[in-house]
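S.K.:
Chains as they are written, first to last, in our numbering: chain Y, 117 to 746; chain V, 22 to 94.
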């Protein structure tokens, strides 16, 4: 029985039922009964077919109960009842499918983003092929407005790419040669030639979809409880209905009792909330890997952050320069030329800064001496250039004036690293470098606190000075520095022993043990690195901390929604059964209320799809702020 | 050993899971059969020497769940 035919039969039953009421109003009782019997047949046959099929599989189904009840009603001559019940059951099922599809729609929207065709450049010719037939190493052409079908690296061209499918972030990103692009993203403008690296089921996008599908399947604790409850509940209801019959000797009431007691809304109440919640997250770039994780996440009261790459951007930048006696640009050119040969990350940061400002680095340094743990000494353009820490300056008898000392101390207090540079034996300038705090970090931490996080802690392998600087800027409760990965794990275990529910957010392989040790492990996805996506419970696809804050309030909203649904479903069934036993509720009316309660449960869950963690006023305020800035 | 993923029409009752899984797991040559309720998909691992993808597809359809599309890997 396919879906379309079932819908048709339901429609026919509706027309027959309406005509029957018209005939009754006109006084033709016999003709009315014929129409009612036809309506019962139209809507009842699909139900009976399903009942028999599942009976053959030795499973007990709701359809079986309804079939028995309808046959009972026909025997005692209640044709209105039989037609109404079969119609309501089918119509309810139809509405259920339609609304359930809506709760699953966020995932479907994602799946639809994957393109089915792509253009290849092969042997100097353009060919349009199906996305499934692309192989690794193929050169894929992407024009303005097209969807990207593979993961790969740009070999030629440039453009703006909307990566919302992967990161949830709809502001397009500028991409050019050597940049990575992902399947499911859209080239909003420009022209790209991409060498395919991952195709088909191996792309990040395909794996995200698979993870979300599996997550929506994994059962929450509440859901497991409800499943177990339903499995004792159904036989219990059968026994109870026998008791009802023995006491009342009323077949109609017994059948009504049996049908009304079906745990429809109850069974579906928890899963729909979870599906809608996980769908909401996926759309906004947060993967929550299951219903049980939603429930655990909602109980978190302590959040632990790694520093580098999590609270900060993970890429050091030149924040400030202090130069004496020469032009800042000229100073930067000279030290950057010297640092060209350096492999140290501070040196590379200086070179990067010079390139960013459009300075051409021409003179390659001569006589390079790298002083381990201190800096670099080179001869560049006939002059000696010494770049490094205080110790290196002292070793070379470079005098550091009081003003320079004060500047350095001040920057270091803020958590920056200060690099000293001497040209021709004189201190020429100071460069302060820092791994900058993510711009959204402060707001995200505030929002976490507002939603019930009691303590925010940072654990880092970096030095104490830098760590405390960032702790001050963000207003963290505790900062622990100079830790090894194993130390982070023991901190998390200690917090858990104190009775806290701990979430740990980190980014790299070094955080993986701590992420695994926490109640909830949160990983920065970086567009989907393998380890983080596999081990973590929650993945932030755009590396954005406001996604973390959203996921936390989303988990609370999802659990709340699930509780509302469960209470509502249990309450409805209890009230209806009481009504049946008191003789106030009859089969058709009971069926109507029963189906309505299932629909209400689904509709309630659908609210979660539109859930945003920001209150409307907050958004207005933010918009106003943005206007002022512009 | 092969893997097949079948896309069904939207599943609406959780009891469908048990029906489909129960039937498939009783079949000859089946390693693992799993129903993804929310995605309305069936994932099956099977021994291609003892059972074919077509037979699996037909058995699911005859249980009352038409297969919309399938992907064999």
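Virtual Cβ for every residue (Gly too), placed ideally from N, Cα, C. Just so we're clear, the structure is a prediction, and the values are computed from it rather than from any experiment.
Using a C-beta cutoff of 8 angstroms, does residue 60 (chain V) count as contacting chain Y?
M.R.: On the second chain, position 39 is the one that residue 60 (chain V) refers to. By this cut-off, residue 60 (chain V) is an interface position.
S.K.: Rounded to whole angstroms, what's the CA-CA distance from residue 679 (chain Y) to residue 386 (chain Y)? Just pull it up for me.
M.R.: Residue 679 (chain Y) sits at position 563 when you count from the first residue of the first chain. Residue 386 (chain Y) sits at position 270 when you count from the first residue of the first chain. Their backbone Cα atoms lie some 8 angstroms apart in a straight line.
S.K.: Just verifying my parser: in three-state terms, what is the DSSP assignment at residue 305 (chain Y)?
M.R.: If you number the first chain from 1, residue 305 (chain Y) lands on position 189. Strand.
S.K.: Rank Y:406, Y:188, Y:187 and Y:166 by C-alpha distance to the C-alpha of residue 178 (chain Y) and give the top, closest one.
M.R.: Numbered from its first residue, the first chain carries residue 178 (chain Y) at position 62. Comparing Cα positions, the closest option is Y:166.
S.K.: Taking residue 606 (chain Y) as part of the alpha helix (DSSP H), name the residues at either end of that continuous run.
M.R.: For this step, residue 606 (chain Y) is matched to residue 490 along the first chain. Note, residue 606 (chain Y): alpha helix (DSSP H), 601-613.
S.K.: On the DSSP letters alone, give me the boundaries of the alpha helix (DSSP H) that residue 527 (chain Y) sits inside.
M.R.: The count along the first chain starts at 1 and reaches residue 527 (chain Y) at position 411. From DSSP, the alpha helix (DSSP H) with residue 527 (chain Y) extends over 518-529.
S.K.: Considering only residues of the same chain and omitting the five flanking positions on each side of residue 132 (chain Y), which have a CB-CB separation below 7 angstroms?
M.R.: Along the first chain, one-based indexing puts residue 132 (chain Y) at 16. Here the set comprises 151, 154, 155 and 158.
S.K.: For the alpha helix (DSSP H) that contains residue 418 (chain Y), what are its first and last residues?
M.R.: Along the first chain, one-based indexing puts residue 418 (chain Y) at 302. Segment 418-422 is the beta strand (DSSP E) holding residue 418 (chain Y); no alpha helix (DSSP H) there.
S.K.: Touch check for the stretch 488-501 of chain Y and the stretch 404-416 of chain Y: three-plus C-beta pairs under 8 angstroms?
M.R.: With a cut-off of 8 angstroms, the stretch 404-416 of chain Y and the stretch 488-501 of chain Y do not count as touching, because too few Cβ pairs lie within range.
S.K.: Spatial neighbours of residue 532 (chain Y) within its chain, please: C-beta separation below 7 angstroms, excluding the five flanking residues on both sides.
M.R.: Sequence index remark: in the first chain, residue 532 (chain Y) carries index 416 (1-based). Around residue 532 (chain Y): 435, 548, 549 and 550.
S.K.: Between which two residues does the alpha helix (DSSP H) holding residue 676 (chain Y) run?
M.R.: Indexing the first chain from 1 puts residue 676 (chain Y) at position 560. Run containing residue 676 (chain Y): 661-697, per the alpha helix (DSSP H) assignment.
S.K.: If distances are taken between C-alpha atoms only, which option among Y:477, Y:665, Y:512 and Y:602 comes closest to residue 568 (chain Y)?
M.R.: Here residue 568 (chain Y) is taken as the residue at index 452 of the first chain, counted from 1. Of Y:477, Y:665, Y:512 and Y:602, the residue nearest in Cα terms is Y:665.
S.K.: Applying the criterion that 16 or more other CB atoms from any shown protein chain within 10 Å of the CB defines a buried residue, is residue 52 (chain V) buried or exposed?
M.R.: For the purposes of this step, residue 52 (chain V) is identified with residue 31 of the second chain, where counting begins at 1. Flag for residue 52 (chain V) reads exposed.
S.K.: Which residue marks the beginning of the beta strand (DSSP E) containing residue 267 (chain Y), and which one marks its end?
M.R.: Taking the first residue of the first chain as position 1, residue 267 (chain Y) is located at position 151. Taken as a continuous stretch (DSSP letters only), the beta strand (DSSP E) holding residue 267 (chain Y) covers 267-278.
S.K.: Distance, Cα to Cα, residue 453 (chain Y) vs residue 493 (chain Y)?
M.R.: Along the first chain, one-based indexing puts residue 453 (chain Y) at 337. Along the first chain, one-based indexing puts residue 493 (chain Y) at 377. Going from the Cα of residue 453 (chain Y) to the Cα of residue 493 (chain Y) covers about 12 angstroms.
S.K.: Show which residues of chain V have a CB atom less than 8 angstroms away from the CB atom of residue 329 (chain Y).
M.R.: Counting from one through the first chain, the residue named residue 329 (chain Y) turns up at place 213. By Cβ distance, chain V contributes 57, 59, 60 and 62.
S.K.: Whether or not the stretch 267-280 of chain Y and the stretch 295-303 of chain Y are in contact is what I'm after, with contact meaning three or more pairs of Cβ atoms, one per stretch, closer than 8 angstroms; do they touch?
M.R.: Taking 8 angstroms as the limit for Cβ pairs, the verdict is that the stretch 267-280 of chain Y does touch the stretch 295-303 of chain Y.
S.K.: Along the stretch 65-91 of chain V, what residues have a CB closer than 7 angstroms to any CB found in chain Y?
M.R.: Listed in sequence order: 84, 85 and 87.
S.K.: Identify whether residue 388 (chain Y) lies in helix, strand or coil by the three-state DSSP scheme.
M.R.: Against the first chain, residue 388 (chain Y) aligns to sequence position 272. Three-state result, residue 388 (chain Y): helix.
S.K.: Comparing C-alpha positions only, which one of Y:639, Y:408 and Y:292 sits nearest to residue 331 (chain Y)?
M.R.: Mapped onto the first chain, residue 331 (chain Y) falls at position 215. The option with the nearest alpha carbon to residue 331 (chain Y) is Y:408.
S.K.: Check whether chain V comes within 8 angstroms of residue 332 (chain Y), counting only Cβ atoms and requiring the distance to be less than that.
M.R.: By 1-based counting over the first chain, the position of residue 332 (chain Y) is 216. Residue 332 (chain Y) counts as touching chain V.
S.K.: Using the beta-carbon count (16 or more within 10 Å), is residue 440 (chain Y) buried or exposed?
M.R.: In the first chain, counting from the first residue as 1, residue 440 (chain Y) sits at position 324. Exposed, because fewer than 16 other Cβ atoms sit within 10 Å of the Cβ of residue 440 (chain Y).
S.K.: Assuming contact is defined by CB atoms lying nearer than 8 angstroms, are residue 382 (chain Y) and residue 619 (chain Y) in contact in what I supplied?
M.R.: Residue mapping note: residue 382 (chain Y) aligns to position 266 of the first chain, counting from 1. Residue mapping note: residue 619 (chain Y) aligns to position 503 of the first chain, counting from 1. Contact flag unset, no.
S.K.: Mapping DSSP to helix, strand and coil, what is residue 135 (chain Y)?
M.R.: Residue numbering aside, residue 135 (chain Y) sits at position 19 when the first chain is read from its first letter. If DSSP states are grouped into helix, strand and coil, residue 135 (chain Y) belongs with the helices.
S.K.: Kindly provide the ranges of any beta strand (DSSP E) runs that are 3 or more residues long and lie completely inside the stretch 176-252 of chain Y, ordered along the chain.
M.R.: Correct list: 233-238 and 241-246.
S.K.: Please compile the residues from chain V whose C-beta is within a distance smaller than 9 angstroms of the C-beta of residue 220 (chain Y).
M.R.: Sequence index remark: in the first chain, residue 220 (chain Y) carries index 104 (1-based). What residue 220 (chain Y) touches in chain V: 31, 59, 60 and 61.
S.K.: For a minimum of 3 consecutive residues, which ranges assigned as the beta strand (DSSP E) are wholly contained in the stretch 399-461 of chain Y?
M.R.: Runs of the beta strand (DSSP E) inside the stretch 399-461 of chain Y: 402-404, 418-422 and 428-439.
S.K.: Can you give the Cα-Cα distance for residue 404 (chain Y) and residue 724 (chain Y), rounded to whole angstroms?
M.R.: Translated into the one-based positions of the first chain, residue 404 (chain Y) becomes position 288. Translated into the one-based positions of the first chain, residue 724 (chain Y) becomes position 608. Looking at the two C-alpha atoms, the distance is approximately 14 angstroms.
S.K.: Could you check if residue 698 (chain Y) is buried or exposed, using at least 16 other CB atoms within 10 Å of its CB as the buried criterion?
M.R.: In the first chain, residue 698 (chain Y) corresponds to position 582, counting from 1. When all chains shown are included, residue 698 (chain Y) counts as exposed.
S.K.: Between the alpha carbons of residue 644 (chain Y) and residue 399 (chain Y), how many angstroms are there, rounded?
M.R.: Numbered from its first residue, the first chain carries residue 644 (chain Y) at position 528. Numbered from its first residue, the first chain carries residue 399 (chain Y) at position 283. Any answer about residue 644 (chain Y) is weak, because its pLDDT of 48 lies below 50 and its placement is not dependable; what the coordinates show is given next. Rounded to the nearest angstrom, the two C-alpha atoms are 15 angstroms apart.
S.K.: Residue 68 (chain V): buried (16+ other C-beta within 10 angstroms of its C-beta) or exposed?
M.R.: Position 47 of the second chain, counted from the first residue, corresponds to residue 68 (chain V). By the 10 Å Cβ count, residue 68 (chain V) comes out exposed.
S.K.: Does residue 490 (chain Y) have its Cβ less than 8 angstroms from a Cβ in chain V?
M.R.: In the first chain, the residue the question calls residue 490 (chain Y) occupies position 374. Taking Cβ atoms only, chain V never reaches closer than 8 angstroms to residue 490 (chain Y), which makes this a no.
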